[in-house]
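Participant:
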Amino acid sequence: MHAWPELKREQRNASRRHLARLELMKRLRTYQDMSGKQVVVVFDGTHSQRSEEREPEGLQVIYAEAATTADMLLERLANRYAKLHPMQVVSADGMVRETILACGADWTSPEMLKTMCEDAERALGEAIRKRR
């Protein structure tokens, strides 16, 4: 969220931080729907335990426990699952990139993800226009 200017603005204001998360999730849902890829979103958490939500046919959202960062959780997930399933991890952190690549996952920059979401949104708009 910090890499996308429109989300970063919302992220700075504690009372509007949830709006940045909602907007990111909305855009990722469109990407998931248009690409057919399963999307898992990992956020930093504030509770003592990790929590997970899964929307029916939708996003999987994981909140790291308070003592763990989202980056640490991404590295753990890549270590556990990258050799079993194709996995693409998005992070602006260079150390996270190196770790997930070493685990066998693919890496994508937040800017590239934004482009992929924009492409999915355009494709959805085109599909809607064609149906009308």
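Counting from 211, one number per residue, gives the positions in the sequence shown under this note's numbering.
Virtual Cβ for every residue (Gly too), placed ideally from N, Cα, C.
Going by other Cβ atoms of all chains shown within 10 Å of its Cβ, with 16 needed for buried, is Gln248 buried or exposed?
Facilitator: Gln248 is exposed by the Cβ-count criterion.
Participant: Roughly how many angstroms separate the alpha carbons of Asp329 and Ala337, rounded to a whole number?
Facilitator: Taking the straight line from one Cα to the other gives about 12 Å.
Participant: Glu331 and Thr240: beta carbons closer than 9 Å?
Facilitator: Yes, they are a contact pair.
Participant: For Leu269, which residues of its own chain have a beta-carbon under 7 Å away from its beta-carbon, when the five flanking residues on both sides are left out?
Facilitator: The residues are Met235, Leu238, Arg239, Gln242, Val249, Val251.
Participant: Straight-line CA distance for Lys324 to Ser258?
Facilitator: Distance between the alpha carbons of Lys324 and Ser258: 31 Å.
Participant: When you compare only the Cα positions, how much space is there between His295 and Asp303?
Facilitator: About 22 Å.
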